[in-house]
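Numbering (this note's numbering), first residue to last: 10 to 262.
All residues carry an ideal CB built from backbone N, CA and C; glycine is no exception.
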């Protein structure tokens, strides 16, 4: 149980730990209908390349062998749809997200792609997953873990629901490590993205939070230590696009 004096960050603000999830939910309720369009605009389409790299690392089986993916914080279904396209007939994905508006967008997209028989959508909390121990062959989370109030709990839950020999993959914004690019990236993040969010979604404040939350997320080495502390082995990460994002990996052995 959370102590009343426990705090965490919501962007650059310190807030009571118990309030962060509600604040994050409000962000994604606000932007759900334009979330994927904003991803294209903010990244100039690069998020598609980053997600394809994640799916290549996932490497779902091409044949009929059953393979169950849990895609957490994946409300609009982007990762699961890409995995389903790359996989064989035995593939099934469960998208788990705490935000009902994002899940509604995902279900609609799945139906349009005729993937609603292979991709299911479940409302749930990454910190307390409603799935049995050792029930999935892979766990993915893309651009979602920095919004979880207690990341260590989410990582332990990821470990719990994975079968032995299964893989954890996390795609998340990271720390730019190219001199010069860091200044350009900061300028774009703080001066362009919030006004763009206002123009496209009518909500600048949510995108101000999103760019601030990136700066509060642990550096890759620190996050790798958290993944290892949750029980995962062979933990590593790959920096992409000059460190704008990183793909983290661990195995439940």
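From the DSSP output, which residues share a beta bridge with residue i?
{"i": "residue 117", "result": "Answer is none; residue 117 lacks a bridge partner."}
{"i": "residue 103", "result": "79, 129"}
{"i": "residue 122", "result": "Answer is none; residue 122 lacks a bridge partner."}
{"i": "residue 245", "result": "258"}
{"i": "residue 149", "result": "80, 178"}
{"i": "residue 134", "result": "137"}
Candidates the options: which alpha carbon is nearest residue i's?
{"i": "residue 84", "options": "94, 108, 93", "result": "108"}
{"i": "residue 151", "options": "128, 133, 178", "result": "178"}
{"i": "residue 62", "options": "236, 255, 239", "result": "255"}
{"i": "residue 216", "options": "48, 172, 71, 154", "result": "48"}
{"i": "residue 140", "options": "22, 103, 117", "result": "103"}
{"i": "residue 249", "options": "15, 60, 50, 220", "result": "60"}
{"i": "residue 171", "options": "56, 224, 149, 43", "result": "149"}
{"i": "residue 44", "options": "76, 26, 115, 175", "result": "115"}
{"i": "residue 261", "options": "168, 209, 232, 201", "result": "168"}
{"i": "residue 239", "options": "164, 28, 121, 124", "result": "164"}
{"i": "residue 124", "options": "95, 246, 143", "result": "95"}
{"i": "residue 126", "options": "93, 71, 28", "result": "93"}
{"i": "residue 76", "options": "246, 144, 187", "result": "144"}
{"i": "residue 173", "options": "142, 138, 28", "result": "142"}
{"i": "residue 53", "options": "257, 247, 201", "result": "201"}
For residue i, which residues from the same chain have a beta carbon less than 7 Å from its beta carbon, with the 5 sequence-adjacent residues on both sides left out?
{"i": "residue 213", "result": "203, 204, 206, 207"}
{"i": "residue 185", "result": "191, 194, 251, 252, 253"}
{"i": "residue 73", "result": "97, 98, 99"}
{"i": "residue 86", "result": "104, 115, 118, 119, 128"}
{"i": "residue 26", "result": "11, 15, 16, 17, 158"}
{"i": "residue 89", "result": "78, 80, 83, 102, 104, 128"}
{"i": "residue 55", "result": "250"}
{"i": "residue 71", "result": "96, 97"}
{"i": "residue 122", "result": "90"}
Quick check on the burial criterion: 16 or more other C-beta atoms within 10 angstroms. Buried or exposed for residue i?
{"i": "residue 160", "result": "buried"}
{"i": "residue 267", "result": "Because residue 267 is not part of the residues shown, which for the chain are 10 to 262, the question remains open."}
{"i": "residue 199", "result": "exposed"}
{"i": "residue 69", "result": "buried"}
{"i": "residue 229", "result": "buried"}
{"i": "residue 146", "result": "buried"}
{"i": "residue 91", "result": "buried"}
{"i": "residue 211", "result": "exposed"}
{"i": "residue 10", "result": "With a pLDDT of 43 at residue 10, under the threshold of 50, the modelled position of that residue is not reliable, and no figure is offered here."}
{"i": "residue 242", "result": "exposed"}
{"i": "residue 166", "result": "buried"}
{"i": "residue 101", "result": "buried"}
{"i": "residue 67", "result": "buried"}
{"i": "residue 46", "result": "exposed"}
{"i": "residue 64", "result": "buried"}
{"i": "residue 189", "result": "exposed"}
So, at 6 Å on beta carbons, what are the nonlocal neighbours of residue i in its own chain, with the 5 sequence-adjacent residues on each side left out?
{"i": "residue 162", "result": "136"}
{"i": "residue 105", "result": "81, 131, 133"}
{"i": "residue 30", "result": "158"}
{"i": "residue 219", "result": "none"}
{"i": "residue 176", "result": "147, 260"}
{"i": "residue 244", "result": "233, 236, 237, 259"}
{"i": "residue 153", "result": "82"}
{"i": "residue 138", "result": "166, 170"}
At a cut-off of 7 Å, is residue i close to the ligand GTP when judged by its beta-carbon and the heavy atoms of the ligand?
{"i": "residue 99", "result": "As for the ligand GTP, it is missing from this structure, which has no ligand bound."}
Excluding the five sequence neighbours on either side, which residues of its own chain have a C-beta within less than 8 Å of the C-beta of residue i, listed in chain order?
{"i": "residue 155", "result": "181, 182, 222, 223, 225, 226"}
{"i": "residue 2", "result": "It is not possible to answer for residue 2, since the shown part of the chain is limited to 10 through 262."}
Item to check | Uninterrupted alpha helix (DSSP H) stretches inside the stretch 162-223 (no shorter than 4 residues) | outcome: 190-200, 202-210
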